[in-house]
Amino acid sequence: MKRPAVFMDRDGTVNEQMGYVNHISRFHLLPGVCQAIRLLNERGFLGIILTNQSGVARGYFPLTLVHEIHAFLEEILKKEGAIIDGIFFCPHYPGGSIPEFTRECDCRKPGTGLMKKACNSFDIDMSRSYVVGDHFTDLEMARRCDLDGILVKTGYGLGDLTYVLPHMPIKPCYIADDLLDAVKWIIQRDEEKC
Ligand SMILES: [Mg+2]
Ligand SMILES: [Zn+2]
Numbered sequence: 001m002k003r004p005a006v007f008m009d010r011d012g013t014v015n016e017q018m019g020y021v022n023h024i025s026r027f028h029l030l031p032g033v034c035q036a037i038r039l040l041n042e043r044g045f046l047g048i049i050l051t052n053q054s055g056v057a058r059g060y061f062p063l064t065l066v067h068e069i070h071a072f073l074e075e076i077l078k079k080e081g082a083i084i085d086g087i088f089f090c091p092h093y094p095g096g097s098i099p100e101f102t103r104e105c106d107c108r109k110p111g112t113g114l115m116k117k118a119c120n121s122f123d124i125d126m127s128r129s130y131v132v133g134d135h136f137t138d139l140e141m142a143r144r145c146d147l148d149g150i151l152v153k154t155g156y157g158l159g160d161l162t163y164v165l166p167h168m169p170i171k172p173c174y175i176a177d178d179l180l181d182a183v184k185w186i187i188q189r190d191e192e193k194c
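Residue numbers (my numbering): 1 to 194.
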């Protein structure tokens, strides 16, 4: 059976925007995130993280750190009774220094490669799915996938809302205080639709 999904950005949406999370000590969950993901679990939404991690290609941190951080995230959530269904990341960057990851790709957001990967891994009801992120590139990816995008004011969100989005043709369908606010809005809107 198809399930709706919430495609979440990671840095600035799930955890504090710290620049590059180049050490596990810089990974701090934002308030309300466990509750938000628990709500998605309860309501039958898939919770999927799509994240650019170009620091790998740039040589700022190894691929193993990305996996370590994601295992850490899943562990924190599990303790709070919340489950992330999938995490997909792009380690690439065209101007990187690690040859293996230095290239143009279609998975670096706003490219749609990560979304396509997620769609190949799960049976997703795209008509009820949303993208949530703190950066205009998250909204641009949503547009390219023909999904509604929600901007959170955490991370880069408030700055992008103030200085970037007024000059762009893309509009979020909702501006949320944080991930929890976004998820509550999604659930309410989904109930109204059904
Ligand atoms: Mg972000
Ligand atoms: Zn990529």
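Think of the CB as a built atom: it goes at the ideal place given N, C-alpha and C, for glycine as much as any other residue. No experiment lies behind these values; they were computed from the predicted model shown.
Extent of the continuous alpha helix (DSSP H) to which residue i belongs
i	result
Asp195	Absent from the structure is residue 195, since the part of the chain shown begins at 1 and ends at 194.
Ala71	Leu63 to Lys79
Ala118	Gly113 to Ser121
Val56	Gly55 to Arg58
Residue i, DSSP secondary structure in three states
i	result
Ile98	coil
Ala5	strand
Ala36	helix
Asn15	strand
Tyr130	strand
Span separating the alpha-carbon of residue i from that of residue j
i	j	result
Gly95	Lys116	24 Å
Phe45	Ala176	18 Å
Ser129	Thr154	21 Å
Tyr74	Gly86	Rather than Tyr, the amino acid found at residue 74 in this sequence is Glu. So the alpha carbons of these two residues sit roughly 10 Å apart.
Leu50	Asp178	17 Å
Phe27	Lys79	17 Å
Val131	Thr13	11 Å
Gly81	Arg38	7 Å
Leu161	Val183	19 Å
Asp148	Phe136	13 Å
Val33	Leu180	6 Å
Cβ-based burial, residue i [other Cβ within 10 Å; buried from 16]
i	result
Cys194	exposed
Tyr156	buried
Ile24	exposed
Gly59	exposed
Asn120	exposed
Ligand 1 heavy atom lying under 8 Å from the CB of residue i
i	result
Arg108	no
Gln35	no
His28	no
Gln17	yes
Enclosing beta strand (DSSP E) for residue i [first to last residue]
i	result
Ile186	Element bounds for Ile186: not the beta strand (DSSP E) but the alpha helix (DSSP H), Leu179 to Lys193.
Ala176	Tyr174 to Ala176
Asn52	Leu46 to Asn52
Leu30	Premise fails: Leu30 is in no beta strand (DSSP E) and is neither H nor E.
Asp148	Asp148 to Val152
Cys105	No beta strand (DSSP E) holds Cys105; DSSP gives it neither H nor E.
Ile87	Gly86 to Cys90
Ligand 2 heavy atom lying under 8 Å from the CB of residue i
i	result
Gly59	no
Gly96	no
Pro91	yes
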